[in-house]
Amino acid sequence: MIALALPTWRDEAWRYSDFDALARVWPVAAPTRVTVASGETTHRHLVQDAADGATAIHDYVIDIADGAACHFHVLNIGGALGRVTLDVTLGEGAHFELGGAIIGGGHQTLEIVTTLNHALPNATSQQTIRSILAGHSTGSYLGKIAVARGAQKTDAAQSVKAMLLDRTATANAKPELEIYADDVKCAHGATVGELDKAALFYMASRGMDPVTARTLLLQSFIAGVFDSVADEDVRAMLETAALAKLEALS
Amino acid sequence: MLQINNLTNAIDGKAILKGLSLTLNAGEIHAIMGPNGAGKSTLAYTLGGRPGYEVTGGSATFDGANLFAMDPHERAAAGLFLGFQYPVEIPGVSNLQFLRESLNSQRRARGEKDLTGGEFIKLAKEKAALLGLDMEMLKRPVNVGFSGGEKKRNEMVQMGILDPKVAILDETDSGLDIDALKIVGAGINAIMRKPDKAVLLITHYQRLLDYVQPDFVHVLAGGRIVKSGGPELALELEREGYADVVGTELAA
Ligand SMILES: Nc1ncnc2c1ncn2[C@@H]1O[C@H](COP(=O)(O)OP(=O)(O)OP(=O)(O)O)[C@@H](O)[C@H]1O
Ligand SMILES: [Mg+2]
Chain A
1 MIALALPTWR DEAWRYSDFD ALARVWPVAA PTRVTVASGE TTHRHLVQDA ADGATAIHDY
61 VIDIADGAAC HFHVLNIGGA LGRVTLDVTL GEGAHFELGG AIIGGGHQTL EIVTTLNHAL
121 PNATSQQTIR SILAGHSTGS YLGKIAVARG AQKTDAAQSV KAMLLDRTAT ANAKPELEIY
181 ADDVKCAHGA TVGELDKAAL FYMASRGMDP VTARTLLLQS FIAGVFDSVA DEDVRAMLET
241 AALAKLEALS
Chain B
1001 MLQINNLTNA IDGKAILKGL SLTLNAGEIH AIMGPNGAGK STLAYTLGGR PGYEVTGGSA
1061 TFDGANLFAM DPHERAAAGL FLGFQYPVEI PGVSNLQFLR ESLNSQRRAR GEKDLTGGEF
1121 IKLAKEKAAL LGLDMEMLKR PVNVGFSGGE KKRNEMVQMG ILDPKVAILD ETDSGLDIDA
1181 LKIVGAGINA IMRKPDKAVL LITHYQRLLD YVQPDFVHVL AGGRIVKSGG PELALELERE
1241 GYADVVGTEL AA
């Protein structure tokens, strides 16, 4: 095994990371490989809920064969540094879907980094990322989409929204497109906002206590990320873990 | 029940209410009328505790307690209800969830037990029927995609469910069609016309007052109550306009 040098912020995929936390676990284990055979559909989920102060790096290399589909759901909430990377290669007519939620507080650094290689024609991908950041936390989504020459009719969408609960929190959203085919659709949108003050007052005027009001608004903000989770128990587990983290923030 | 004494306030440092006094006793219905920009909504928001509506002087006492010492949600739990001139939309939160959490928050604040899901739905159905609002609408996100009139009906459904002691209704009649006005008027009477409750109706038109007859009518202009009278004052205003009734400088 090659002992790789510790990355620095100059490496594009590591720009916003926490290198002290990273040094404690470097070098990291080899990535998890996921292969989806032609015509099949796979559902995967990950709850990154490492202990306070821990460093958790989860790397995935995902191969989706022709006509296959992979639905991946990530809840990234634990540790000092929690980093989830997905390196996805799509075959002809393949589909990849990512629903990712980042919920951070304190001095956490939480990252979702994706590279989608649309290598062949007619493949589709949809990434939905919602981040809620409090305290001095940093949440980053770096999403690279590479469309190879000849990968016509690629349809790759990214929807990225972040909500900052404190002025001291940071959200980074960086879509990166590398397109070598001419007949492709790559839609991406990124917004950063804060809690709707008018809604909070309306809720208070009806008697709702501020913690409940805030939690309801935050739940509605990330609702949708886990909608496409096929297994109801898994969806409930993800939603419960997200809610527990939201409640711990306030 | 609600005693407002020499209230002054400011928004962004700009004085809006300039010494407003008003007393609502149990069993009374008061109407406030006044020109655009007079400070009617400002009065409602200030009593409700909206952030940015700074109280610079005077007092408001609600059932003997200092209203301004309470947070907005505590005022609601104490029995104050604000009907909004422009009800707020909350995407992603259903009306039922919004109301159930609100009601149970209030109940906990008063040391009462939460309503069960079944008890709450029964109550919601009853009040939705009273106001002629389709129960299906309550499953939708709060006010999202509601027409202007539906939003106002929804405000009254909320009032019915929360069952306040004092309601301040800011232009609840605006945006309602003729039939809806009748229904909403009857709803206000059914919910609030009781010996232990009081209502402050903010309105521009007599037509609501035909259904919800006020005991007192006040004219708010330039941040103060400049004239008070009985129900006949509203008719006089409608006939003659603010300038004739309270004088040109006050009506401005
Ligand atoms: N956020 C704000 N910042 C600055 N001025 C404000 C703000 N909100 C209200 N005002 C001003 O306060 C004054 C009173 O406004 P308010 O909304 O209370 O009037 P109103 O009597 O309810 O009028 P209307 O009949 O049109 O509803 C107006 O001059 C308005 O421009
Ligand atoms: Mg107004």
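Listed in order, the protein sequences are those of chains A and B. Counting from 1, one number per residue, gives the positions in the first sequence under the numbering used here. Counting from 1001, one number per residue, gives the positions in the second sequence under the numbering used here. All residues carry an ideal CB built from backbone N, CA and C; glycine is no exception. All of these numbers come straight from a predicted model, not from anything done at the bench.
Point to revise | beta-carbon I1168 (chain B) near ligand 1 non-hydrogen atom, thresh 7 Å | key: As a position in the second sequence, residue 1168 (chain B) is number 168, starting the count at 1. The answer is no for I1168 (chain B).
Review point. Is the closest heavy atom of ligand 1 to the C-beta of T1042 (chain B) under 7 Å?
Key: Taking the first residue of the second sequence as 1, we reach residue 1042 (chain B) at position 42. Yes, since a heavy atom of ligand 1 falls inside the 7 Å radius drawn around the Cβ of T1042 (chain B).
Review point. For I77 (chain A), is the beta carbon positioned less than 7 Å from some heavy atom of ligand 1?
Key: Here the question's residue 77 (chain A) lines up with position 77 in the first sequence. Flag unset: Cβ of I77 (chain A) not near ligand 1.
Review point. If we count the other Cβ atoms within 10 Å of its Cβ and call it buried at 16 or more, is L238 (chain A) buried or exposed?
Key: On the first sequence, position 238 is the one that residue 238 (chain A) refers to. L238 (chain A) should be labelled buried.
Exercise for review: Using a Cβ cut-off of 8 Å (strictly closer), state whether I1090 (chain B) contacts chain A.
Suggested key: Here the question's residue 1090 (chain B) lines up with position 90 in the second sequence. True, the Cβ-Cβ gap to chain A drops below 8 Å.
Check your understanding: Secondary structure at N1005 (chain B), three-state DSSP: helix, strand or coil?
Key -> On the second sequence, position 5 is the one that residue 1005 (chain B) refers to. Residue state, collapsed to three classes: strand.
Review point. When the Cα of T31 (chain A) is compared with those of A:V61, A:R44 and A:S228, which residue comes out closest?
Key: Start at 1 with the first residue of the first sequence, and residue 31 (chain A) comes out as number 31. For the sequence presented, residue 31 (chain A) should be read as Pro rather than Thr. Closest by alpha carbon: A:V61.
Point to revise | ligand 2 heavy atom lying under 7 Å from the CB of E1171 (chain B) | key: Taking the second sequence and counting its residues from 1, the one referred to as residue 1171 (chain B) is at position 171. Yes, Cβ of E1171 (chain B) sits closer than 7 Å to a heavy atom of ligand 2.
Practice item. Verify whether the separation of the beta carbon atoms of A1044 (chain B) and I1168 (chain B) is less than 8 Å. Key: Working through the second sequence from its first residue, we reach residue 1044 (chain B) at position 44. Working through the second sequence from its first residue, we reach residue 1168 (chain B) at position 168. Yes. Within cutoff.
Exercise for review: Note down, in chain order, all residues in the stretch 1040–1067 of chain B with a beta-carbon under 7 Å from any beta-carbon belonging to chain A.
Suggested key: G1048, R1050 and P1051
Review point. Residues of chain A with CB under 9 Å from A1076 (chain B), in chain order?
Key: Here residue 1076 (chain B) is taken as the residue at index 76 of the second sequence, counted from 1. In chain order: A204, S205, R206, G207 and M208.
Check your understanding: So what does DSSP say about A270 (chain A), is it helix, strand or coil?
Key -> In the structure as shown, chain A begins at 1 and stops at 250. Residue 270 (chain A) is therefore absent and cannot be evaluated.
Check your understanding: DSSP on F1216 (chain B), reduced to helix/strand/coil?
Key -> Working through the second sequence from its first residue, we reach residue 1216 (chain B) at position 216. DSSP places F1216 (chain B) in strand when its eight states are reduced to three.
Check your understanding: Taking the continuous alpha helix (DSSP H) assigned at R44 (chain A), which residues delimit it?
Key -> In the first sequence, the residue the question calls residue 44 (chain A) occupies position 44. That residue, R44 (chain A), is in no alpha helix (DSSP H); its beta strand (DSSP E) goes T41 to Q48.
Check your understanding: Is there at least one Cβ from chain B nearer than 8 Å to F226 (chain A)'s Cβ?
Key -> Within the first sequence, numbered from 1, the residue matching residue 226 (chain A) stands at position 226. Taking Cβ atoms only, chain B never reaches closer than 8 Å to F226 (chain A), which makes this a no.
Review point. Is any heavy atom in ligand 1 found nearer than 7 Å to the beta carbon of N1009 (chain B)?
Key: Within the second sequence, residue 1009 (chain B) is the residue found at index 9, counting from 1. Not so, every heavy atom of ligand 1 lies at least 7 Å from the Cβ.
Point to revise | Sequence-distant residues of its chain with Cβ nearer than 6 Å to L249 (chain A) (five each side left out) | key: Counted from its first residue, the first sequence places residue 249 (chain A) at position 249. G105 and A134.
Exercise for review: Using a Cβ cut-off of 7 Å, pull out every chain B residue sitting near A251 (chain A), in sequence order please.
Suggested key: Residue 251 (chain A) is absent from the structure shown; chain A starts at 1 and stops at 250.
Check your understanding: What do you reckon, is the C-beta of Q1206 (chain B) under 7 Å from a heavy atom of ligand 2?
Key -> Here residue 1206 (chain B) is taken as the residue at index 206 of the second sequence, counted from 1. Q1206 (chain B): no, Cβ never under 7 Å from ligand 2.
**Study point:** Start and end residues, beta strand (DSSP E) containing S1021 (chain B)
**Key:** To locate residue 1021 (chain B), count along the second sequence from 1; it is residue 21. That run of the beta strand (DSSP E) goes K1014 to L1024.
Exercise for review: Quick one: give me the first and last residue of the beta strand (DSSP E) that G1057 (chain B) is part of.
Suggested key: One-based indexing of the second sequence puts residue 1057 (chain B) at position 57. It spans Y1053 to F1062 - the beta strand (DSSP E) in which G1057 (chain B) sits, taken as one unbroken run.
Exercise for review: With 8 Å as the threshold, decide whether the Cβ of A223 (chain A) is near any Cβ in chain B.
Suggested key: Sequence index remark: in the first sequence, residue 223 (chain A) carries index 223 (1-based). It does: the Cβ of A223 (chain A) has a partner Cβ on chain B nearer than 8 Å.
Review point. Are the stretch 1082–1092 of chain B and the stretch 1100–1118 of chain B touching by the rule of at least three beta carbon pairs closer than 8 Å?
Key: no
Check your understanding: What do you get for I1178 (chain B), buried or exposed, if any count of 16 or more other CB atoms within 10 angstroms of its CB means buried?
Key -> Taking the first residue of the second sequence as 1, we reach residue 1178 (chain B) at position 178. Exposed, since its Cβ has fewer than 16 Cβ neighbours within 10 Å.
Review point. Does the stretch 201–210 of chain A touch the stretch 1094–1103 of chain B, meaning 3 or more C-beta pairs lie closer than 8 Å?
Key: yes
Point to revise | D63 (chain A) (DSSP reduced to helix, strand or coil) | key: Taking the first sequence and counting its residues from 1, the one referred to as residue 63 (chain A) is at position 63. Correct three-state label for D63 (chain A): strand.
Practice item. Since I believe G1048 (chain B) is in contact with A1198 (chain B) (beta carbons under 8 Å), could you give me their beta-carbon distance rounded to a whole number of angstroms? Key: As a first step, residue 1198 (chain B) must be located in the second sequence, where it is residue number 198. As a first step, residue 1048 (chain B) must be located in the second sequence, where it is residue number 48. No, A1198 (chain B) and G1048 (chain B) are not in contact; Cβ-Cβ is about 15 Å, not under 8 Å.
Review point. Short check: CB of N172 (chain A) to CB of Y16 (chain A), under 8 Å?
Key: In the first sequence, residue 172 (chain A) corresponds to position 172, counting from 1. In the first sequence, residue 16 (chain A) corresponds to position 16, counting from 1. A contact, by the Cβ cut-off of 8 Å.
Review point. Using the beta-carbon of each residue, which ones in chain A are nearer than 7 Å to Q1085 (chain B)?
Key: By one-based count along the second sequence, residue 1085 (chain B) stands at place 85. Per Cβ cutoff of 7 Å: no residues; Q1085 (chain B) is ~12 Å from chain A at best.
Point to revise | Limits of the unbroken alpha helix (DSSP H) element including T240 (chain A) | key: Numbered from 1 along the first sequence, position 240 holds the residue referred to as residue 240 (chain A). Note, T240 (chain A): alpha helix (DSSP H), E232 to L249.
Review point. When the cut-off is 8 Å and only beta carbons count, does L1123 (chain B) lie next to chain A?
Key: Position 123 of the second sequence, counted from the first residue, corresponds to residue 1123 (chain B). L1123 (chain B) does not count as touching chain A.
**Study point:** Alpha carbon of Y1211 (chain B) to alpha carbon of R1193 (chain B), nearest angstrom
**Key:** Translated into positions along the second sequence, residue 1211 (chain B) becomes position 211. Translated into positions along the second sequence, residue 1193 (chain B) becomes position 193. The alpha-carbon atoms of Y1211 (chain B) and R1193 (chain B) are separated by roughly 12 Å.
Review point. Are any of the Cβ atoms in chain A nearer than 8 Å to that of E1101 (chain B)?
Key: As a first step, residue 1101 (chain B) is located in the second sequence; it is residue number 101 there, counting from the start. Taking Cβ atoms only, chain A reaches closer than 8 Å to E1101 (chain B), which makes this a yes.
Point to revise | Beta carbon proximity, V1157 (chain B) to chain A, threshold 8 Å | key: The residue you call residue 1157 (chain B) lines up with position 157 of the second sequence. It does not; no Cβ of chain A falls within 8 Å.
Practice item. Just the chain B side, please: which residues come within less than 9 Å of F201 (chain A) by C-beta, in chain order? Key: On the first sequence, residue 201 (chain A) is found 201 positions in, with the first residue counted as 1. Ordered by position in chain B, the residues that pass the 9 Å Cβ test against F201 (chain A) are Y1045, G1048, G1049, R1050, P1051, P1072 and V1088.
Check your understanding: Comparing the C-beta of I1011 (chain B) with each C-beta of chain A, is any distance below 8 Å?
Key -> Numbered from 1 along the second sequence, position 11 holds the residue referred to as residue 1011 (chain B). I1011 (chain B) does not count as touching chain A.
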